[in-house]
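S.K.: What follows is a structure written as structure tokens; I'll ask about it next.
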Amino acid sequence: MNMSEDKVRYEELFKDYNFPEKIKGEIIRELERINADERLAKKVIERCYNVYLKNLMEPGEATGIVAAQSIGEPGTQMTMRTFHYAGVAEINVTLGLPRLIEILDVRKNPSTPMMTIRLTEEYAKSREKAREVANRIEATHIIDVAEIITDLRNMRIIVSPDEKALERKDLKLQDLKKKIEKAVKMDVVEEDGKLIIQIEEPSYKTLMDVFEKVKKLVVAGIKEIKRVIIRKEGDEYVLYTEGSNLKKVMRVKGVDFTRTVTNNIYEIYEVLGIEAARNAIINEAMSTLEEQGLEVDVRHIMLVADAMTADGELKQIGRHGVAGEKQSILARAAFEMTVNNLLDAAVRGEVDMLNGITENIIVGQPIKLGTGDVELVAKFFTGGEK
Amino acid sequence: MKFRMQDHILVPKHELLKKKEAEEILNVLGIAKEDLPKIKAEDPIAKEIGAKPGDIVRIIRDSPTAGKSIVYRLVI
């Protein structure tokens, strides 16, 4: 009866406590369940807050090391096997360790790009409508719908389309003609259902060049999308594709671009920005680990994703990214390519300020971590106007 | 049709901060704005909200651990 009033009351009690949204919600739900009065609720919240504070990372804690170990140890148990059928309709997806390396290295072209395309309401309900969208997306090569022959004697190329295939792909002979004309920059003549390209120059090489060009021609769909599979998920049809081109697919009619994703993180970064890329890294890394039956806390992955996206651009973990951009020479030398790093630093006359952890271990000084990071400071001032 | 990349499920809410707001936040955090994580001015979302280099963007993320988390990025 007075449920809603109670909720407001509980909400008020949280004023002085800096809880994260989710924990707050959980406590309120529990308080509602036991229908606690104000005194009890206050007590519960106080106790919860103390536990919450105890569980927070302390300043100076080496979170990066904890994350590295927490991902590294389960990583040793991952399968080395590269290929796997990923439950999703016969599409081959790189999984396991190779995939995890791919994510952390920010490969611009992952070995198995794949998209999950969701459709707008109008198209998501029936298989035929979904097929329509699939046809618009899937790359149709000319050899899928027509036979191409070279006529050496008359120096011409004859394209004879298969009418049934054309119909299935919802293409017209005229479309085909236009596409070919645009690609080879030559006039195409239509002759009883066949398209003929006459080569003006009597050169065998030109003929073969044009033939190769025609053969590779994509007459419909998006070049990168090699295959589309339609699957029913819940009450809507979803398209899965082999190959990925987020920018183009988003603009296809019938595609709900807000729910269309790819597993190519770099593409997400280019189209949707750094924050979306961060989310994509977390999602991809978590699903890769989970698929292998490994439980890694998201917090560790989130830390890695934060480090990779902190500068506003995607940086890989490793010597060309996060580890390679450390300011300390010794820390870089300790990671990879020791001699190169030391030599380059010497040539440039770099100075190591010994501010980090690795370099202080190397020279045998106390490191600035945990209690080692605490110093007496008379007045600490950063930021703002002086 | 104009696409708003901000509507995509992977993109958290971005807000451009006013000068005064930005100063207040830096004061609370006790840091200079160069200490914040960065976002490029060419970033598709930064462009959409019209952020210029030197501005601060507030990002409201859906966090799996905290429910909601607020972070700031400096536009460069």
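Keeping their order, the protein sequence lines are chains A and B. Residue numbers are given in this note's numbering: position 318 of the first sequence equals residue 318, and the series is strictly consecutive. With positions in the second sequence counted from 1, the corresponding number in this note's numbering is that position plus 386. Built from N, CA and C at the ideal position, the CB exists for glycine as well.
#1: Whole-angstrom Cβ separation of ARG259/A and ILE417/B, contact assumed at under 8 angstroms?
#2: Near ASN341/A, which residues of its chain fall below 7 angstroms by C-beta distance, leaving aside the five closest residues on each side in sequence?
#3: Is the shortest distance between the beta-carbon of LEU171/A and the beta-carbons of chain B less than 8 angstroms?
#4: Would you kindly work out how many angstroms separate the C-alpha atoms of ARG131/A and ALA139/A, rounded to a whole number?
#5: Among the residues of its own chain, which have a CB less than 7 angstroms from the CB of GLU271/A, if the five just before and after it don't count?
#6: Whose CA, out of MET208/A, VAL214/A, ASP162/A and LYS185/A, lies closest to the CA of GLY193/A?
#7: Against ARG259/A, what residues of chain B qualify as contacts under a CB-to-CB distance less than 9 angstroms, listed in chain order?
#8: Measure the C-alpha to C-alpha separation of PRO450/B and GLU236/A and round it to an integer number of angstroms.
#9: Which residues, in order along the stretch 439-455 of chain B, keep a beta-carbon less than 8 angstroms from a beta-carbon of chain A?
#10: Buried or exposed: MET114/A, going by 16 or more other Cβ atoms within 10 Å of its Cβ?
#11: Starting from GLY453/B, follow the beta strand (DSSP E) in both directions and report where the run begins and ends.
#12: In whole angstroms, what is the alpha-carbon distance linking ASN413/B and PRO74/A?
#13: Report the rounded CA-to-CA distance for GLU224/A versus SER244/A, giving the unit in angstroms.
#14: Please return the same chain residues whose Cβ sits closer than 6 angstroms to the Cβ of ALA323/A, not counting the five positions on each side in sequence.
#15: Between the stretch 290-307 of chain A and chain B, which residues of the former have CB atoms less than 9 angstroms from a CB of the latter, in chain order?
#16: On the DSSP bridge list, what partners appear for ASP151/A?
#17: For ILE91/A, I'd like the list of residues in its chain whose CB is within less than 7 angstroms of its CB, leaving aside the five on either flank, ordered along the chain.
#18: Just to confirm my understanding: we take LEU376/A, look at its own chain, exclude 5 residues before and 5 after, and list those with CB closer than 7 angstroms. What are they?
#19: Can you tell me whether GLN69/A is helix, strand or coil according to DSSP?
#20: Give the C-beta separation of ILE197/A and VAL184/A to the nearest angstrom, bearing in mind that I take them to be a contact with Cβ-Cβ under 8 angstroms.
#21: Determine the burial state of ILE446/B: buried for a count of at least 16 other Cβ atoms within 10 Å of its Cβ, exposed for fewer.
#22: Which residues in the same chain as LYS426/B place their Cβ atom closer than 7 angstroms to its Cβ, once the five residues preceding and following it in sequence are excluded?
#23: Taking a contact to mean a Cβ-Cβ separation below 8 angstroms, would you say ASP441/B touches LEU415/B in this structure?
M.R.: Inspection of the coordinates gives the following:
#1: Against the first sequence, residue 259/A aligns to sequence position 259. Against the second sequence, residue 417/B aligns to sequence position 31. The pair is not a contact, with the Cβ atoms about 37 angstroms apart (cut-off 8 angstroms).
#2: Counted from its first residue, the first sequence places residue 341/A at position 341. The residues are ILE329, ARG332 and ALA333.
#3: For the purposes of this step, residue 171/A is taken as residue 171 along the first sequence, with counting starting at 1. Judged by the 8 angstroms Cβ criterion, LEU171/A is not in contact with chain B.
#4: Mapped onto the first sequence, residue 131/A falls at position 131. Mapped onto the first sequence, residue 139/A falls at position 139. Cα-Cα distance, rounded: 13 angstroms.
#5: Against the first sequence, residue 271/A aligns to sequence position 271. Per the sequence shown, the amino acid found at residue 271/A is Val instead of Glu. Counting only Cβ-Cβ distances below 7 angstroms, and skipping sequence neighbours, we find LEU246 and LYS247.
#6: Locating residue 193/A in the first sequence gives position 193, where the first residue counts as 1. For the residues MET208/A, VAL214/A, ASP162/A and LYS185/A, the minimum Cα distance to GLY193/A belongs to ASP162/A.
#7: Stepping through the first sequence from its first residue, residue 259/A is reached at position 259. Simply HIS394 and ILE395.
#8: Taking the first residue of the second sequence as 1, we reach residue 450/B at position 64. Taking the first residue of the first sequence as 1, we reach residue 236/A at position 236. C-alpha separation (whole angstroms): 26 angstroms.
#9: ILE445, ARG447, SER449, PRO450, THR451, ALA452, GLY453, LYS454 and SER455
#10: Locating residue 114/A in the first sequence gives position 114, counting from the first residue. The residue in question, MET114/A, is buried, as its Cβ has 16 or more Cβ neighbours within 10 Å.
#11: Walking along the second sequence from the start, residue 453/B turns up at place 67. Its beta strand (DSSP E) spans residues 453-461.
#12: Start at 1 with the first residue of the second sequence, and residue 413/B comes out as number 27. Start at 1 with the first residue of the first sequence, and residue 74/A comes out as number 74. The straight-line gap from Cα to Cα measures roughly 41 angstroms.
#13: Sequence index remark: in the first sequence, residue 224/A carries index 224 (1-based). Sequence index remark: in the first sequence, residue 244/A carries index 244 (1-based). Roughly 6 angstroms between the two C-alpha positions.
#14: Reading the first sequence from its first residue, position 323 is the one you call residue 323/A. Excluding sequence neighbours, ALA323/A sits near PHE335.
#15: ASP297, VAL298, ARG299, MET302 and ASP306
#16: Position 151 of the first sequence, counted from the start, is the residue given in the question as residue 151/A. Partner(s): ARG156/A.
#17: The count along the first sequence starts at 1 and reaches residue 91/A at position 91. If we look at ILE91/A and ignore the five residues flanking it on each side, its Cβ neighbours are MET114, ILE229, TYR240 and GLU242.
#18: Counting from one through the first sequence, the residue named residue 376/A turns up at place 376. Counting only Cβ-Cβ distances below 7 angstroms, and skipping sequence neighbours, we find nothing.
#19: The sequence position of residue 69/A within the first sequence is 69, counting from 1. It is helical.
#20: Along the first sequence, read from residue 1 onward, the residue named residue 197/A stands at position 197. Along the first sequence, read from residue 1 onward, the residue named residue 184/A stands at position 184. 6 angstroms between Cβ atoms; contact.
#21: Reading the second sequence from its first residue, position 60 is the one you call residue 446/B. It counts as exposed.
#22: The residue labelled residue 426/B in the question sits at position 40 within the second sequence. If we look at LYS426/B and ignore the five residues flanking it on each side, its Cβ neighbours are ALA432 and ILE462.
#23: In the second sequence, the residue the question calls residue 441/B occupies position 55. In the second sequence, the residue the question calls residue 415/B occupies position 29. No, the Cβ-Cβ distance between ASP441/B and LEU415/B is not below 8 angstroms.
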